[in-house]
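Structure, as structure tokens:
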Amino acid sequence: MTLIDAELRPSDRHPVRRSLLVVVLMATSMLGGCVVGPDYKMPDLPILKNWPAAAGKQALKPTQLAGWWKGLDDPLLNELVEEAVRGNLDVATAKANLRLARATTRSAEGALLPSLSQSDSATRTRNASGDVSYSTQYKAGFDASWEIDLFGGNRRSVEAARASEQAEEETLRQTLVTLVGDVASYYVEAREYQALIDLAERSAKSQLQVLALTRRQFEAGEATGMDVAKAAATAASTQADIPSYRISYAQAVHRLGILLGRTPDAVEARLTKPAPIPVPRRAMPSTIPAGILLNRPDVRAAERDLAAYTAKIGVAEAARYPSISLSGAVTTSAASVSDLARKSTIGWTLGPSVSIPLFQGGQLKAAVDEAKATRDKYFVAYQSAVMTAMEDTENAVIGLTQSRLRQDKLRQSVAGYRQAAELSRTLFQSGASGFLDVLDAETSLYSSQENYIQSTANTATYFISLNKALGGGWSGTIDADQPLVVDRNEGPHPQP
Numbered sequence: 032m033t034l035i036d037a038e039l040r041p042s043d044r045h046p047v048r049r050s051l052l053v054v055v056l057m058a059t060s061m062l063g064g065c066v067v068g069p070d071y072k073m074p075d076l077p078i079l080k081n082w083p084a085a086a087g088k089q090a091l092k093p094t095q096l097a098g099w100w101k102g103l104d105d106p107l108l109n110e111l112v113e114e115a116v117r118g119n120l121d122v123a124t125a126k127a128n129l130r131l132a133r134a135t136t137r138s139a140e141g142a143l144l145p146s147l148s149q150s151d152s153a154t155r156t157r158n159a160s161g162d163v164s165y166s167t168q169y170k171a172g173f174d175a176s177w178e179i180d181l182f183g184g185n186r187r188s189v190e191a192a193r194a195s196e197q198a199e200e201e202t203l204r205q206t207l208v209t210l211v212g213d214v215a216s217y218y219v220e221a222r223e224y225q226a227l228i229d230l231a232e233r234s235a236k237s238q239l240q241v242l243a244l245t246r247r248q249f250e251a252g253e254a255t256g257m258d259v260a261k262a263a264a265t266a267a268s269t270q271a272d273i274p275s276y277r278i279s280y281a282q283a284v285h286r287l288g289i290l291l292g293r294t295p296d297a298v299e300a301r302l303t304k305p306a307p308i309p310v311p312r313r314a315m316p317s318t319i320p321a322g323i324l325l326n327r328p329d330v331r332a333a334e335r336d337l338a339a340y341t342a343k344i345g346v347a348e349a350a351r352y353p354s355i356s357l358s359g360a361v362t363t364s365a366a367s368v369s370d371l372a373r374k375s376t377i378g379w380t381l382g383p384s385v386s387i388p389l390f391q392g393g394q395l396k397a398a399v400d401e402a403k404a405t406r407d408k409y410f411v412a413y414q415s416a417v418m419t420a421m422e423d424t425e426n427a428v429i430g431l432t433q434s435r436l437r438q439d440k441l442r443q444s445v446a447g448y449r450q451a452a453e454l455s456r457t458l459f460q461s462g463a464s465g466f467l468d469v470l471d472a473e474t475s476l477y478s479s480q481e482n483y484i485q486s487t488a489n490t491a492t493y494f495i496s497l498n499k500a501l502g503g504g505w506s507g508t509i510d511a512d513q514p515l516v517v518d519r520n521e522g523p524h525p526q527p
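And the structure:
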């Protein structure tokens, strides 16, 4: 409902209108710093009170998470991570979302400022009475308007936009955390299956030698047909593992190519030369402060989303209060362009208006309730993100610790079974032992070596998972301002 719609001209000297304008301007100045809606405060979550404090020399520091993959001491892995950061499509999408959020923030900030536009016109009139004559009228002017943010609705919009922009920044960080972790995981997986393929090929070769020896002994009457059949079955079973390992190896390598934003076979040639499974060279600190978890990008993004939707309550609340707008215009008209602003008619208008929402069928109150319910949803999402971070960290810590213990025991197991296999062969060739002892020793050695390779990869994987759980990711600079698609000839031009 408009209460005031006044135009003031130089000839207008009505004292009531002048007084009303003064009252409006005074009220504007007094309410200029007023905002409605709740003021955001970062939640204090009770669930973190039982988390270890950041005390002691063994506490993890955020700087230790920077470049964590370099702790695996693999130059090729380092190269692949850098290439993935540059070319990954998920990262490109996150950059575009961040640019969109930044543009939204600038748009919201623009609503706080007055708008100004210029309008020019020229009108030619034909006078048909008596002698035909023509006259031309030129006009130039400026129009200005400004919505005074009395109750902070626009400022709350800016607050929400800035928080959403910060949430997108954290989403980009989280995308990089996930990307680096995935590149490292699939690289470890590729090296794991390379080692398993090599193991299966070496074991099958050894088992075929045993099969050949068994056949010679069978021909000499020193072994039975059952011995030959079991030796052949054992070698065939080991050979059957090779195609399965090759499939898994190819899948890991192809996934690496996609993570780099390239074709699936893009990194095959670089992985052809076998290399050991990368393992962490250092132990993780024993204490992980709660602040590390709260700094995890997905947790930070959830907290910024909560801040944004808290501010949006103020936006909805401000719509229930009166609004004041100021509009004005300055115009000049003359018979020629050269006379504009000199020998011309100059006029100006200034019109404040007040709009008061009286009845909207409960829509404005419903919008506030909707904003509060949405804020509560994001509050729950923030709590869930923190609890997920705690769960991921606890699982990774336990997994890394126990995997290292298992790896050490399996190393001892491999050494023992290797010695047993060598002794059983020697005894079998000398006739002091039966074939079943050799077969059992060979099978046990192959199984223990397979378990050890898998355990070594598991240790590296849990190390990766722990660093991902703590929010460790790319620490270098990321340029999110440059669009991927460069548009040309954007100005006025003929349509093709």
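Heads up: the sequence shown is residues 32 to 527, going by my numbering. For each residue, glycine too, the CB sits at the ideal point set by N, CA and C.
At which residues does the alpha helix (DSSP H) containing residue i begin and terminate?
| i | result |
| --- | --- |
| Thr-269 | 256 to 290 |
| Ser-237 | 184 to 250 |
| Val-411 | 394 to 461 |
| Pro-328 | 328 to 349 |
| Asp-471 | 466 to 500 |
| Val-116 | 106 to 118 |
| Ile-509 | Note, Ile-509: premise wrong, no alpha helix (DSSP H); not H, not E. |
| Ala-321 | 321 to 325 |
For residue i, which of the options has the nearest alpha-carbon?
| i | options | result |
| --- | --- | --- |
| Leu-395 | Tyr-352, Leu-431, Asp-407 | Tyr-352 |
| Ser-148 | Ala-412, Gly-393, Glu-253, Ser-358 | Ser-358 |
| Ile-429 | Arg-117, Leu-454, Met-315, Phe-182 | Met-315 |
| Ala-339 | Asn-326, Ser-384, Ala-402 | Ala-402 |
| Leu-79 | Gln-460, Asn-498, Ser-415 | Ser-415 |
| Thr-474 | Phe-494, Met-73, Glu-113, Tyr-448 | Tyr-448 |
Roughly how many angstroms lie between the CA atoms of residue i and residue j, to the nearest whole one?
| i | j | result |
| --- | --- | --- |
| Thr-457 | Gly-465 | 11 Å |
| Ala-300 | Arg-293 | 14 Å |
| Tyr-71 | Glu-190 | 10 Å |
| Ala-231 | Gln-485 | 13 Å |
| Gln-433 | Ala-132 | 43 Å |
| Asp-468 | Ala-115 | 50 Å |
| Trp-99 | Glu-110 | 14 Å |
| Arg-437 | Gln-450 | 20 Å |
| Ala-267 | Leu-227 | 16 Å |
| Gly-118 | Lys-92 | 30 Å |
| Pro-419 | Gln-526 | With the sequence shown as reference, residue 419 is identified as Thr, and Pro is not the correct amino acid for it. Approximately 53 Å between the Cα atoms of the pair. |
| Ala-123 | Leu-476 | 48 Å |
| Arg-331 | Ala-321 | 13 Å |
| Leu-524 | Ser-496 | Note on identity: in this sequence residue 524 is His, with Leu being the wrong assignment. Roughly 54 Å separates the two Cα atoms. |
| Tyr-409 | Leu-337 | 5 Å |
| Leu-431 | Arg-406 | 37 Å |
| Gln-238 | Lys-261 | 11 Å |
| Tyr-217 | Asp-105 | 14 Å |
| Leu-324 | Gly-345 | 30 Å |
| Phe-249 | Leu-470 | 15 Å |
Residue i: buried (16+ other C-beta within 10 angstroms of its C-beta) or exposed?
| i | result |
| --- | --- |
| Asp-36 | Reliability fails at Asp-36, whose pLDDT of 36 lies under 50, so the model's placement of it is uncertain and the value that follows must be treated cautiously. Exposed, since its Cβ has fewer than 16 Cβ neighbours within 10 Å. |
| Gly-462 | exposed |
| Glu-422 | exposed |
| Ile-278 | exposed |
| Asn-520 | exposed |
| Leu-96 | buried |
| Glu-453 | exposed |
| Ile-387 | exposed |
| Val-517 | exposed |
| Asn-81 | exposed |
| Val-411 | exposed |
| Pro-383 | buried |
| Gln-513 | exposed |
| Asp-329 | buried |
| Ala-404 | exposed |
| Gln-5 | The structure shown does not extend to residue 5, since the chain is modelled only from 32 to 527, so the question has no answer here. |
| Glu-425 | exposed |
Taking the beta strand (DSSP E) that residue i belongs to, which residues open and close that run?
| i | result |
| --- | --- |
| Ile-377 | 376 to 386 |
| Ala-360 | 354 to 365 |
Taking a contact to mean a Cβ-Cβ separation below 8 Å, would you say residue i touches residue j in this structure?
| i | j | result |
| --- | --- | --- |
| Ala-263 | Leu-242 | yes |
| Ser-188 | Ser-146 | no |
| Ala-491 | Pro-309 | yes |
| Ala-139 | Ala-192 | yes |
| Ser-506 | Ser-479 | no |
| Leu-108 | Ala-215 | yes |
| Arg-204 | Pro-307 | no |
| Ala-125 | Thr-206 | yes |
| Leu-103 | Glu-200 | no |
| Arg-335 | Ala-194 | yes |
| Ile-355 | Val-385 | yes |
| Ala-360 | Gly-172 | yes |
| Gly-503 | Val-208 | yes |
| Ala-349 | Phe-182 | yes |
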